[in-house]
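Chains P and B, in that order, give the protein sequences.
Under our numbering, residues 6 to 458 are what the first sequence spells out, in order.
Under our numbering, residues 252 to 340 are what the second sequence spells out, in order.
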Amino acid sequence: MLFTPFEIKETVDMFLRHKLDIRAITLGISLLDCSSATGTETRRRIREKLLRVAGPLVQVGRDIETEFGVPIINKRVSVTPIALVAASSDDIDYAPFAKTLDDVAKELGIDFVGGFSALVQKGFSEGDRKLIASIPHALATTDRVCASVNVASTKSGINMDAVREMGKIIKESAALTADRDGLACAKLVVFCNAPEDNPFMAGAFHGPGEGEATLNVGVSGPGVIKAALESYKGASFDEIAETIKKTAFKITRMGQLVGQEAARRLNVPFGILDLSLAPTPEVGDSVARILEEMGLEAAGTHGTTAALAMLTDMVKKGGVMASTHVGGLSGAFIPVSEDEGMVAAVRSGALTLDKLEAMTCVCSVGLDMIALPGDISASTISAIIADEMAIGMVNNKTTAVRVIPVPGKKAGDWAEFGGLLGGAPIMAIHNFSSDAFIARGGRIPAPIHSFRN
Amino acid sequence: MNAIITVVGSDKVGIIATVSAFLSERNINIADISQTILSGNFVMVMMVDLSKSSKDLETLKKEFVNLGDSMGVSISIMHERVFSAMHRI
């Protein structure tokens, strides 16, 4: 036999028992050639191009799923930031662009479209301003469109005007979807150092430096890592580090196989593979439980940052060796509402917002899917964003904020977002003002170590 | 294409015979077969050639689920390339 029964059972168990999956195949499509003088014409071109290029995506995904026996949870599309594509048009409100993306996604059976985005780390163009102002309405009136705004980078510093603006936009988005616990905010990410090839939502967009079309793959599998560690109770960190690395390698190789096959069938280049342990609300699919498996009573207690640092690094190391091109975010996500272990940790009081902020220094993204009290001020949200952007800027890493101020609810109440987004207890915040800090505006300059030229 | 069929469950008389008969009825050739006990479970793996199968893969998968249910074991089928990717460099 080509493989030993042990190898075969290990692989089969990964899928059947430990919920390993390809989280998404994400087709990045450039819309730069769709710009025109009117919004109507631009949207017509966008629609035509998406139908043409992304038309076969869902079928290709299904075929590979059947043929390889590997579950592909989502088929997604990311597009050029709409602020760039719509800029040449005479429209003031960009929400109709989101509607076009949403309509095409529904028509083709695509789960999410990312790219209702703007890159404003150093300043706003007219298109950027219009797009940001359109976000609340665009997200409240569509189902499958995701928005992101990059407000900071290690090279450019932090655009504090944009940070101030995004606090208001998040509040407004929540208010427009108050009947759904502020759901629009779950589709909006504020970034520092946003990657241009990320296949994961809500932050996916097809960066302006990307090619015409490219296929990126997002692989998940926290359950597999936890299961691998279960046989190493009491073992040293050297041993568990090695185990995580080897497991990440195997998972990534499988993702690489599927990604290359999908790219070949779609006749587009394979872009990158992103191995990110992305939890779902299901039991057995949690990143928090991996940290606890390492010996912590609850995620969030002392030692959590060290455990997460090692986990993220070992996942990256295993992944880098296994794929021709690793990109996106690659590491471990620590969303609260999407991870039953994190939810339990918040409920038990082990995990606080401040500890989550510390954890974002070493995870692969940032403050993610955190429900906040509905009466939080826009400036406090902006201040939370500013802290997170500073962590990303200084540490040369991607950081992000996806928080949901839940209208009419207070700390300790439950917020429900549904499906893969899950639900979470609302977390307490500091009740001291940051108003005067956020009112300043301007730019926080890039750190000294950004000058590497 | 070559696929790997995995049967996991408690050992009993006739598992190999039943699965082999099922494959033969559908014109699926068994290229290799192996069985062992892993962590207390009976594990049988078969490498099969699906190129002349009389049923498409989607139908086969459904039939495997029913066959597994009737024998009280779990049967899965996956492309050989998934195992090559994971276990061979």
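Idealized CB from N, CA, C, for every residue including glycine.
Only a predicted model underlies this, so the values are computations on that prediction, with no experimental measurement involved.
Please compile the residues from chain B whose C-beta is within a distance smaller than 7 Å of the C-beta of residue i.
i: P/PHE11; result: LEU289
i: P/ASP255; result: The amino acid occupying residue 255 of chain P in the given sequence is Lys; Asp does not appear at that position. Near P/LYS255 (Cβ distances below 7 Å), the residues of chain B are MET337.
i: P/PHE466; result: This structure does not reach residue 466 of chain P, given that chain P is present from 6 up to 458, and the question cannot be answered.
Just the chain B side, please: which residues come within less than 8 Å of residue i by C-beta, in chain order?
i: P/ARG258; result: ALA336, MET337
i: P/LEU280; result: Going along chain B, no residue has its Cβ under 8 Å from P/LEU280, so there is no contact; the nearest lies around 13 Å.
i: P/LEU21; result: SER325, SER327
Taking the beta strand (DSSP E) that residue i falls in, what are its first and last residues?
i: P/PRO430; result: 428-430
i: P/ARG28; result: 27-34
i: B/ASP283; result: 280-289
i: B/GLY260; result: 253-260
i: P/THR404; result: 404-411
i: P/ALA218; result: 218-224
i: P/MET19; result: Taken as a continuous stretch (DSSP letters only), P/MET19 belongs to no beta strand (DSSP E), being part of the alpha helix (DSSP H) at 10-21.
i: P/ASP186; result: Premise fails: P/ASP186 is in no beta strand (DSSP E) and is neither H nor E.
i: B/VAL299; result: 292-300
Would you mind working out which of the options sits nearest residue i, comparing C-alpha positions?
i: P/HIS330; options: P/GLY446, P/ARG258, P/HIS435, P/SER225; result: P/ARG258
i: P/THR385; options: P/ALA433, P/THR71, P/VAL351, P/ALA420; result: P/ALA433
i: P/ARG169; options: P/ASN400, P/PHE456, P/SER387; result: P/SER387
i: P/ALA267; options: P/MET19, P/LYS14, P/ALA29; result: P/ALA29
i: P/PRO338; options: P/ASP318, P/GLN261, P/SER439, P/ALA91; result: At residue 338 of chain P the sequence reads Phe, which differs from the Pro that was named. The residue with the shortest Cα to Cα distance from P/PHE338 is P/ASP318.
i: B/THR257; options: B/MET298, B/SER304, B/LYS306, B/ASP320; result: B/MET298
i: P/ASP38; options: P/SER94, P/GLU72, P/ILE77; result: P/SER94
i: P/GLY305; options: P/GLY427, P/PRO340, P/GLY354, P/ALA92; result: P/GLY354
i: B/ARG277; options: B/VAL259, B/MET295, B/ILE255, B/GLU314; result: B/GLU314
i: P/GLY424; options: P/ALA444, P/SER328, P/GLU287; result: P/GLU287
i: P/GLY208; options: P/GLN261, P/LYS238, P/VAL154; result: P/VAL154
i: P/ASN458; options: P/LYS250, P/VAL320, P/LYS160; result: P/LYS160
i: P/VAL351; options: P/ASN400, P/LYS322, P/GLY428, P/SER369; result: P/GLY428
i: P/ASN401; options: P/PRO200, P/ALA232, P/GLU302; result: P/PRO200
i: P/MET171; options: P/GLY44, P/GLY446, P/VAL320; result: P/GLY446
i: P/ALA383; options: P/ASP96, P/SER439, P/ARG185, P/ASN221; result: P/SER439
i: P/THR31; options: P/MET206, P/ALA416, P/PRO213; result: P/MET206
i: P/GLY216; options: P/LEU36, P/ALA420, P/VAL411, P/ASP18; result: P/LEU36
i: P/PHE3; options: P/GLU12, P/LEU220, P/GLY33; result: One cannot answer for residue 3 of chain P here, as it falls past the ends of chain P, which runs 6 to 458.
Since residue i contacts residue j with CB under 8 Å, what's their CB separation in whole angstroms?
i: P/VAL156; j: P/VAL194; result: Not really, about 11 Å apart at Cβ, beyond 8 Å.
i: P/VAL408; j: P/ILE175; result: 7 Å
i: P/SER335; j: P/MET374; result: Not confirmed; about 19 Å, so no contact.
i: P/LEU296; j: P/PRO227; result: That belief does not hold up - the Cβ atoms of P/LEU296 and P/PRO227 are roughly 10 Å apart, past 8 Å.
i: P/ALA363; j: P/THR404; result: So it is not a contact: roughly 12 Å between Cβ atoms.
i: P/LEU56; j: P/VAL109; result: 6 Å
i: P/SER139; j: P/ALA100; result: 5 Å
i: P/LYS80; j: P/LEU62; result: 5 Å
i: P/ASP344; j: P/PRO284; result: 4 Å
Taking residue i as the query, report the chain P residues whose CB atoms sit under 7 Å from its CB, ordered along the chain.
i: B/SER261; result: Within chain P, no residue comes near B/SER261; the closest Cβ sits about 15 Å away, beyond 7 Å.
i: B/ILE328; result: GLY74
i: B/VAL342; result: Nothing can be reported for residue 342 of chain B, as the shown portion of chain B is limited to 252 through 340.
i: B/LEU308; result: THR71, GLU72
From which residue to which residue does the alpha helix (DSSP H) around residue i run?
i: P/SER387; result: 383-399
i: B/SER271; result: 266-276
i: P/PHE456; result: Unbroken run through P/PHE456: none, as it is neither H nor E.
i: B/ASN317; result: 308-322
i: P/ASP359; result: 358-364
i: P/PHE442; result: 440-444
i: P/MET259; result: 242-271
i: P/PHE73; result: 62-73
i: P/GLY346; result: 345-353
i: P/MET227; result: For the record, residue 227 of chain P in the displayed sequence is Pro; it is not Met. Per DSSP, P/PRO227 belongs to the alpha helix (DSSP H) from 227-235.
i: P/THR47; result: 44-59
i: P/SER295; result: The residue you asked about is not Ser; residue 295 of chain P is Ile in the sequence shown. Residues 293-298.
Find the residues of chain P that neighbour residue i, judging by a C-beta separation of less than 8 Å, and give them in chain order.
i: B/ARG332; result: PHE73, LEU262
i: B/THR257; result: ILE13, LYS14, VAL17
Tell me, which residues are paired with residue i by DSSP?
i: P/PRO142; result: Note that residue 142 of chain P is His in the sequence shown here, rather than Pro. P/HIS142 pairs with nothing; no bridge assigned.
i: P/ASP98; result: None; P/ASP98 has no bridge partner.
i: P/VAL331; result: P/LEU278
i: P/GLY119; result: P/SER83, P/CYS151
i: P/GLU421; result: P/GLY428
i: P/LEU372; result: P/VAL406
i: P/ASP166; result: DSSP output for P/ASP166 lists no bridge partner at all.
i: B/HIS330; result: B/ALA254
i: P/ALA337; result: P/LEU282
i: P/CYS197; result: P/ALA157, P/THR404
i: P/PRO378; result: P/VAL411
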